[in-house]
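Each step along the sequence shown adds one to the number in the working numbering, with nothing skipped, and position 49 is 38. C-beta: ideal position from N, C-alpha, C; glycine also. Contents: one structure, followed by commentary.
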Amino acid sequence: MDNTTYRSRVLETESKPGSLNFGPATLLVALNMAVAATMVLDQVKRAIYYGKEMDPNKTLDSLGVMQSAGESLKFTIGTGRYRDPMDVHFFMDKLPKGVVQQINPQTVDMRLLHAALGGFTESGELIEALLPTLLGKPVDRVNVAEELGDANWYGEIALDALGLTREEVNAANIKKLQDKKAGRYKAGTFLSDDAVNRDTGAERAVLEAAVA
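This is the structure we're talking about:
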């Protein structure tokens, strides 16, 4: 199936709620918890694939955020108040004052939020599908393929929301990798130092030229 047809099929099955219908502060805390989890796994990834030691401070800080966020979520979820549009009042003593004052659900792009939440959960399901392989079992190719397909579905929603094609984003992604100082793949081999020691400013400039 070509990507144009795929996108049209994706959009036919996309859910588009009229409003957030969820407590913005609860959402913010949950998203921070998700980001912290990705930070921990990023340290694991770097240790396995780039030969880097895990950063104890970054890892422990992220674990602390996850624990704190979990405790904060217990109240609103446990009491069913996670849909309260004024749930920020329940977090007054848990969030920085400046953050509390800035919370504004009206600026949330519902389609991008959908894609981000879905992409995160599908990533978790992909990881879950690989857990049995650590216990001596073979990969369930059908399950893994399903999770990859679902992740693509959410990614296509994000691309459409941004007015971008998959081809544009793919090209920008490879150009970003090849335009690094030494080129992560320019010499035909992977360079772990380039993967870790990133010039994010230069990468941003490449992406802005390609997709902004």
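Start and end residues, alpha helix (DSSP H) containing S57: Indexing the sequence shown from 1 puts residue 57 at position 68. First-last of the alpha helix (DSSP H) with S57: 45 to 67.
Close beta carbons around Y71, own chain, < 7 Å, minus the five adjacent residues each side: By one-based count along the sequence shown, residue 71 stands at place 82. Around Y71: F11, G12, T15, T65.
DSSP-derived helix/strand/coil call for I92: Walking along the sequence shown from the start, residue 92 turns up at place 103. Note: I92 maps to coil in three-state DSSP.
Coil, strand or helix - D149 by DSSP: Taking the first residue of the sequence shown as 1, we reach residue 149 at position 160. Looking at D149 - three-state DSSP - the assignment turns out to be helix.
Between the CA atoms of T(-6) and Q105 - distance to the nearest angstrom: Residue mapping note: residue 105 aligns to position 116 of the sequence shown, counting from 1. Residue mapping note: residue -6 aligns to position 5 of the sequence shown, counting from 1. Sequence check: residue 105 is Ala here, not Gln. Using only the alpha carbons, I get a separation of about 22 Å.
Between the CA atoms of A140 and I146 - distance to the nearest angstrom: Here residue 146 is taken as the residue at index 157 of the sequence shown, counted from 1. Here residue 140 is taken as the residue at index 151 of the sequence shown, counted from 1. Taking the straight line joining both Cα atoms gives about 10 Å.
CB contact flag (V77, V89, <7 Å): Within the sequence shown, numbered from 1, the residue matching residue 77 stands at position 88. Within the sequence shown, numbered from 1, the residue matching residue 89 stands at position 100. It is a contact, given that the beta carbons lie within the stated cut-off.
E3 (DSSP reduced to helix, strand or coil): Position 14 of the sequence shown, counted from the first residue, corresponds to residue 3. Note: E3 maps to coil in three-state DSSP.
Sequence-distant residues of the same chain with beta carbon closer than 7 Å to G113, five excluded per side: For the purposes of this step, residue 113 is taken as the residue at position 124 of the sequence shown. Cβ within range, chain order: n/a, list empty.
Residue environment, L101, which counts as buried when at least 16 other CB atoms sit within 10 Å: Position 112 of the sequence shown, counted from the first residue, corresponds to residue 101. It is exposed - the Cβ of L101 has fewer than 16 other Cβ atoms within 10 Å.
Beta-carbon contacts of W142 that lie in its chain and below 7 Å, excluding the five residues immediately before and after: Residue numbering aside, residue 142 sits at position 153 when the sequence shown is read from its first letter. Here the set comprises V(-1).
Own chain, CB closer than 7 Å to D73, minus 5 neighbours either side, in chain order: Residue mapping note: residue 73 aligns to position 84 of the sequence shown, counting from 1. So the list reads G12, once near-sequence residues are dropped.
Three-state secondary structure (DSSP) of L9: Reading the sequence shown from its first residue, position 20 is the one you call residue 9. Looking at L9 - three-state DSSP - the assignment turns out to be coil, as it is neither helix nor strand.
Under 7 Å between C-beta atoms of M28 and A36: Position 39 of the sequence shown, counted from the start, is the residue given in the question as residue 28. Position 47 of the sequence shown, counted from the start, is the residue given in the question as residue 36. Contact: no.
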